[in-house]
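In the numbering used here, the protein residues as written are 231 to 509.
For reference, the structure discussed in these notes is given below.
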């Protein structure tokens with residue numbers, strides 16, 4: 231289940247892509263399939279180990295184009311182990327709401343993103359998230375849980391303050407908002423409650439159901455996304471410099487990281503022009 235819309239966030243073969251706070255790796259896997267040279271970074275040791283296994287399985291199954299590469303590594307979002315202007319694209323999905331120093335993370339991403347490079351950031355949308363917080367303290371008052379709720383204009387303002395130029399927004403995963411409202415109402419860990427089980431089955435049908443069911447659920451989600459889409463997605467670019475570009479930097483290879491596929495090769499990002507910023 232992807233949150234980033236790759237028609238608004240185009241990748242070129244050979245692009246260096248950072249999936250920051252990759253979690254289970256869903257966006258990193260998609261970038262790898264599209265021919266990018268991907269680094270999936272997270273502070274969770276267990277998740278990084280799983281992502282690394284899946285990268286290896288994808289290579290063995292021939293799911294990634296020739297020349298693509300993938301590395302999974304542990305790291306700190308506030309002190310990224312890469313040189314300036316190393317990446318063509320950066321994705322940070324459902325991460326910013328967990329980090330106290332969100333401005334520090336944005337500054338680090340700006341530092342390692344090339345001029346002309348693109349950033350995709352997703353966070354829980356204000357209204358669906360506000361309802362979850364009202365229904366359940368357990369939903370967010372956990373170690374490593376959500377510490378803030380962003381309004382769309384607030385996030386765009388922080389992107390601009392970091393020196394980035396927003397160029398588009400949208401909402402995603404409307405069908406998931408009621409699911410989390412139900413879970414918050416009956417207990418976030420109560421997966422055996424009948425309403426939770428029934429709604430979860432709907433979400434499964436959306437992903438693996440018959441073409442007719444999938445068509446209906448996707449049409450419903452598209453119609454509902456502007457109203458109750460659970461995620462707010464923003465896209466931004468790093469402005470090109472007025473002065474001549476310096477030589478492309480060489481990134482610091484993480485100790486012990488074993489890339490899957492070829493060595494990453496930099497590629498200048500195409501500037502996406504897919505609508506104006508706004509909620």
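Using N, Cα and C, we set each Cβ at its ideal position, and we do this for glycine too.
All values reported here derive from a predicted model rather than from experimental measurement.
DSSP places residue 319 in the uninterrupted beta strand (DSSP E) bounded by 317-323. Shortest Cα-Cα distance from residue 250 to any of 244, 261, 409 and 436 involves 261. Spatial neighbours of residue 425 in its own chain (CB-CB distance under 6 Å, excluding positions within 5 residues in sequence) are listed in chain order as 412. By the beta-carbon neighbour count (other beta carbons within 10 angstroms, threshold 16), residue 237 is exposed. Counting only residues of its own chain and dropping the five nearest sequence neighbours on each side, residue 300 has a CB closer than 6 Å to the CB of 262, 268, 285 and 490. Contact annotation: residue 469 and residue 371 have beta-carbon atoms that are not nearer than 8 Å. Judged by DSSP secondary structure, residue 408 falls within the alpha helix (DSSP H) whose first and last residues are 406-416. Beta-bridge pairing by DSSP links residue 398 to 465. Under the three-state reduction of DSSP output, residue 299 falls in the strand class. Looking only at 258, 336, 264 and 454, the smallest Cα-Cα distance to residue 407 is reached by 454.
The stretch 430-447 makes no contact with the stretch 310-329; the number of CB pairs closer than 8 Å stays below 3. In the three-state reduction of the DSSP assignment, residue 310 falls in the coil class.
Counting every other CB atom within 10 Å of its CB across the protein chains shown gives residue 247 a total of 16 or more, marking it as buried. By the Cβ-count criterion, residue 310 is buried, with 16 or more other Cβ atoms from all chains shown falling within 10 Å of its own Cβ. Beta bridge pairing from DSSP links residue 247 with 268 and 319. One Cα belongs to residue 369, the other to residue 255, and the distance between them is close to 23 Å.
Scanning its chain for C-beta atoms nearer than 7 Å, with the 5 sequence neighbours on each side dropped, one finds around residue 366 the residues 414 and 418, in chain order.
Note on geometry: alpha-carbon atoms of residue 387 and residue 290 lie some 43 Å from one another. Fewer than three Cβ pairs drawn from the stretch 270-288 and the stretch 376-385 lie within less than 8 Å of each other, which leaves the two stretches out of contact. Beta-bridge partners of residue 353 (DSSP): 462. Residue 392 and residue 231 have their C-alpha atoms some 29 Å from each other. For residue 390, the enclosing alpha helix (DSSP H) covers residues 382-391.
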